[in-house]
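Using UniProt numbering, the letters of the sequence shown map in sequence onto residues 1 to 491.
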Amino acid sequence: METKTGQVMFTDSFEGEQEVPSKRPPLGPLFIDLLPSEVIPTLMNIAVCMVQSGYEMECCQAYIQVRKPILEESVSRLGMERFSIDDLQKMPREILEAEILRWMKALSVSVRILFPSEKQLCEKIFANRSLSENCFEQIGRGSMAQFLDFAEAVAIGRRSVEKLPRILEMYESLRDLLDNIESIFSGASCSKLRREASSVLCRLGESARGTFIEFATLIRKNTSRNALPGGTVHPLTRYVMNYLRLLLCFTNTLNEILGNRRENNCFMRADEGTNIRVPHDDGEGEHQDESLISTQVVHLIELLEINLDGKADLYRDSNLRNFFLMNNFQYIVQKVKDSEICRQLSDGWMRRHMGKVRQFHKSYLIGAWQKVIACLRDDGTHSGSEGGFSRGSSKSVLKDKFKQFNDTFEEVVKTQQSWIVSDPHLRADLRISIVELVVPAYRAFLTRYRSHLESEKNSDRVLKYSVEDLECILNDLFEEGSISHRRSSFS
Numbered sequence: 001m002e003t004k005t006g007q008v009m010f011t012d013s014f015e016g017e018q019e020v021p022s023k024r025p026p027l028g029p030l031f032i033d034l035l036p037s038e039v040i041p042t043l044m045n046i047a048v049c050m051v052q053s054g055y056e057m058e059c060c061q062a063y064i065q066v067r068k069p070i071l072e073e074s075v076s077r078l079g080m081e082r083f084s085i086d087d088l089q090k091m092p093r094e095i096l097e098a099e100i101l102r103w104m105k106a107l108s109v110s111v112r113i114l115f116p117s118e119k120q121l122c123e124k125i126f127a128n129r130s131l132s133e134n135c136f137e138q139i140g141r142g143s144m145a146q147f148l149d150f151a152e153a154v155a156i157g158r159r160s161v162e163k164l165p166r167i168l169e170m171y172e173s174l175r176d177l178l179d180n181i182e183s184i185f186s187g188a189s190c191s192k193l194r195r196e197a198s199s200v201l202c203r204l205g206e207s208a209r210g211t212f213i214e215f216a217t218l219i220r221k222n223t224s225r226n227a228l229p230g231g232t233v234h235p236l237t238r239y240v241m242n243y244l245r246l247l248l249c250f251t252n253t254l255n256e257i258l259g260n261r262r263e264n265n266c267f268m269r270a271d272e273g274t275n276i277r278v279p280h281d282d283g284e285g286e287h288q289d290e291s292l293i294s295t296q297v298v299h300l301i302e303l304l305e306i307n308l309d310g311k312a313d314l315y316r317d318s319n320l321r322n323f324f325l326m327n328n329f330q331y332i333v334q335k336v337k338d339s340e341i342c343r344q345l346s347d348g349w350m351r352r353h354m355g356k357v358r359q360f361h362k363s364y365l366i367g368a369w370q371k372v373i374a375c376l377r378d379d380g381t382h383s384g385s386e387g388g389f390s391r392g393s394s395k396s397v398l399k400d401k402f403k404q405f406n407d408t409f410e411e412v413v414k415t416q417q418s419w420i421v422s423d424p425h426l427r428a429d430l431r432i433s434i435v436e437l438v439v440p441a442y443r444a445f446l447t448r449y450r451s452h453l454e455s456e457k458n459s460d461r462v463l464k465y466s467v468e469d470l471e472c473i474l475n476d477l478f479e480e481g482s483i484s485h486r487r488s489s490f491s
C-alpha cells in the first residue's frame, strides 16, 4: 500500500489466496428482443414511408432520440457511472477496485448483449444499411465511449503496484472483447471508435508494463533503518512472494504485454536502466522457459534476495543474521513450491535455494550452539595415572564446567527466546537439529560425571538440568506463544 507521502509500505496485503476471475474464452453475441415482435413491422413501415417522403434525417433523429436514452439507462443499470479523470485519481483504491469490477461486468454484458441487440434492431427497422449503421453509431457510440474513457482514465492514472492485478483484468476484458467491438461497430463512421478501443487497450498494456517495472524498483529501494525483531520473515518477503503468486494468474497476459515491447524493440536490458530482462541460462546448463515472465520472476526474486542481504547486515549478532536469512529464504522456497511460481523456475534454481537454506541453518547452528558444546569437553576433568577421578582440583574443574555449561546454555536460550520461526516444518527441523547437537553431548557428560558430584553440598545448583529438562527447553524455542514460559524458566 502507499502512504500519503508516496512511500510504499510493504504489508501482508497479498497474504493468502486472492480471488482472481477464472479465464473463459470470449463468447459470441447473445441477442435479445428489445421491442415486442409485433411492433417491428409497424416501425419498419413508418421508416420506409418517411425515407421515401424525403424525411430521412428526421426519421433517424426521432429514432435516435428514443433509443439512445434507453441504451444509456440499460448501461447505467449495469453499474456504470460517469467519472471524470480527476474523480478516478482521487478515488480510494478499494472503491476504484469495485468500480473496475463493475466496469468489466458491464462491458461484457453491453458488448455481448446490449450493443448487438441494439444494432440488430436498427437493421430490422432500416432496410438501408447506411441508415442503420448511422443510427446505431449515434445510439451506441456514447455508451461505448464511456467504457473506453473509464479504461483510459485508469490507464493514465497514478501507477501503483496495488492496482496492477485489476489493470491486467481490465486489459484481458477489453482484449477478449475487442473483436466483438470491431464487429459491432464495423461501419465506416465508427472507424474512430475502433481505433480508440485499440489505443485504450495499448495504454492499459503500457500501464501494466510500467507498473510491473516499478514493482522491481520498489523492491530495490525498500530500505530499513532497524533490524526486524526476532529474525522472522520480513513483511517485504511476504509481500513480494504473495504478489508474484497473484500476478502469475496472468502469466499469458504478462508475456503478451512484456513481449509487445520486445517485438517493438522498445525495451532495454536491466543493466541499461530498466528491469525488463531477456531470457538467460540459469548457470547450470539449464535454460529457463523462454517466456519473459519467467526471467522477470527470477529477476524480482534476485532483487528481493539482495535486499534481504542488506537487511540482514542490520543485525549485530551474526547468528541472528543467519537465522533471519534462513527464515526468509525458507519462506521464498516454500512459496515457490506451493504455487504457480515453481513453473517459472528451473530445478537448478530450486536446488540452489534449498542449499542456501541448509547453509544458513548450518551456520546458525554452529555459530550459536558450538560454544555450549565446548563447555562439555573432558579436558582438565581427570587426574591420576589410569584416568581415575581425584577429589582435588579436577573435581573443582568439573563443578566449574557444569556451571559454565549452565550459564552458557541459559545465555544462549535467553538470547533466542524472542526469535521466531513461523514455518512449522522449519521450526521442527531446527529444534531437532539443536537437540541432536546438544542433548547427546550433555547426556554423555552428565552420565560420566554426575555420580562424582551428587553427594556434594548444593549439588542441585551444579547439576541443574536433567536431559529431559534440556529437551523440554529446546523444544519450546522459536514459537511466539511460549516466550513468557521460557522467561519464567530462568527467572
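C-beta: ideal position from N, C-alpha, C; glycine also.
Predicted, not measured: the structure shown is a model, and the values here were computed from it.
Beta-carbon proximity list for residue i, same chain, < 7 Å, skipping 5 on both sides
i      : result
CYS122 : SER132, CYS135, PHE136
GLY16  : Confidence is the limiting factor: at GLY16 the pLDDT is only 45, short of 50, which leaves the residue's position unreliable and the question unanswerable from this model.
ARG82  : GLN146
ARG427 : VAL421, PHE478, GLU479
ASN264 : Residue placement at ASN264 is poorly supported in this model, since its pLDDT is 43, which falls under 50; the coordinates still yield a value, given next. Closer than 7 Å at the Cβ level, and outside the excluded window around ASN264, lies no residue.
Residue i versus the options, residue with shortest Cα-Cα distance
i      : options                        : result
GLY79  : CYS59, VAL109, ASP87           : VAL109
ASN222 : GLU436, ASN307, ARG461         : ASN307
ARG431 : PRO235, TRP369, SER466         : TRP369
ARG450 : ARG194, LYS464, SER224         : LYS464
ASP86  : LEU303, ASP149, ASP423         : ASP149
TYR63  : SER84, SER74, MET50            : MET50
GLY142 : LEU71, LEU96, PHE212, GLU302   : LEU71
LEU114 : PRO41, GLY28, LYS401           : GLY28
GLY140 : TYR171, VAL66, MET91           : VAL66
GLU256 : SER224, ILE219, GLU206         : GLU206
GLN359 : GLU340, PHE324, GLN344, SER346 : PHE324
VAL297 : ARG316, VAL438, SER183, LEU254 : LEU254
ASP469 : LYS337, ARG443, ASN45, GLN416  : ARG443
LEU236 : LEU164, LEU300, GLN417         : LEU300
ILE181 : GLU58, ILE434, LEU193          : LEU193
ILE156 : GLN89, ILE95, PHE212           : GLN89
ASN319 : ASP378, LEU178, THR415, SER224 : THR415
ASP429 : VAL357, ARG352, VAL111         : VAL357
The alpha helix (DSSP H) enclosing residue i, as first and last residue numbers
i           : result
SER117      : 115-125
TYR239      : 235-247
THR447      : 424-453
LYS399      : 393-416
residue 528 : This structure leaves residue 528 out entirely; the chain is present only between 1 and 491.
GLU73       : 56-77
ASP149      : 129-156
ASP309      : 292-312
CYS472      : 467-474
ARG102      : 93-109
SER363      : 347-374
GLN89       : 85-90
CYS49       : 40-52
LEU325      : 318-337
Close-in-space but distant-in-sequence residues of the same chain around residue i (CB under 6 Å, 5 per side omitted)
i      : result
SER393 : Confidence in SER393 is poor, its pLDDT being 49 and thus under 50, which makes the residue's placement unreliable; the coordinate value appears in the next sentence. Excluding positions up to five away in sequence, the list is empty.
LYS124 : ILE40
ALA441 : ILE373, LEU376
PHE409 : VAL372
LEU314 : ALA227
ASN475 : ARG431
PHE402 : VAL462
SER433 : LEU365
_Any 3 or more C-beta pairs closer than 8 Å across the stretch 244-253 and the stretch 197-204_ = No: fewer than three Cβ pairs fall under 8 Å.
- prompt: If we count Cβ pairs, one from each stretch, closer than 8 Å, do we get three or more for the stretch 231-238 versus the stretch 321-337?
  reply: yes
message = I'd like to know if the stretch 92-111 and the stretch 167-182 are in contact, where contact means that at least 3 CB-CB pairs between them fall below 8 Å.
response = yes
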